[in-house]
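For reference, the structure discussed in these notes is given below.
Residue numbers (this note's numbering): 469 to 602.
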C-alpha cells in the first residue's frame, strides 16, 4: 500500500479508472499519482494501469481518516454528492449532473435497469445516460 498520511494535509478527490473498469471508484489522496498508486496496489493492477481524474479539490482536512484511501459514501455526501444507490455491490453517486458508477459490470446492469424503467415511463432512477436506441 502507499504510505498512509494523517489527515490535516491537502486532500483531493480522484475518480480512478482502469481499462477493464472492474474496480473504478473514488480515492482521497494528495496527488493523482498517489491515487493511481494506491488503486493499483490495493486492487492488484500493474503499474500504469490506473488513471486518476481530479474531481474535487477538497481542501485541508475536510474529511477525517487516513489518506490515501477509498472514499466512502459518507465522505462523498459530505462533499456534496447525491447518493443514488448505496448498495455496496453497485454504488452510484451524482454531483453537478455527472453520474459515477462503481465498476463496469455494475454500470452495465444499472444502464439496462434504467432503460427498462424508462421504457415504461418511470425515468432513469440510477441516472445513467442512454447509450443504445430501443
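Glycine is no exception: its CB is placed at the ideal position from the N, C-alpha and C atoms.
{"Asked": "Can you tell me whether residue 588 is buried or exposed? The criterion is at least 16 other CB atoms within 10 Å of its CB, across all chains shown.", "Found": "exposed"}
{"Asked": "Can you give the beta carbon distance from residue 520 to residue 500, rounded, assuming they're within the 8 Å contact cut?", "Found": "4 Å"}
{"Asked": "Taking C-alpha atoms, which residue in 554, 516, 551, 510 lies nearest to residue 536?", "Found": "510"}
{"Asked": "What is the DSSP secondary structure of residue 590, reduced to helix, strand or coil?", "Found": "coil"}
{"Asked": "Could you give the residue range of the beta strand (DSSP E) that holds residue 562?", "Found": "560-563"}
{"Asked": "Could you check what DSSP says for residue 527 in three-state terms: helix, strand or coil?", "Found": "strand"}
{"Asked": "Which value, in whole angstroms, describes the spacing of the CA atoms of residue 490 and residue 538?", "Found": "15 Å"}
{"Asked": "From which residue to which residue does the alpha helix (DSSP H) around residue 541 run?", "Found": "541-546"}
{"Asked": "Could you please give the first and the last residue of the uninterrupted beta strand (DSSP E) stretch that includes residue 511?", "Found": "Counting along the chain, residue 511 falls outside any beta strand (DSSP E), though it belongs to the alpha helix (DSSP H) covering 500-511."}
{"Asked": "Looking at the structure shown, is residue 584 part of a helix, part of a strand, or coil, going by DSSP?", "Found": "helix"}
{"Asked": "Based on Cα-Cα distance, which residue from 551, 496, 532, 514 lies nearest to residue 424?", "Found": "What the structure shows of the chain is the stretch from 469 to 602, and residue 424 is not part of that stretch, so it cannot be assessed."}
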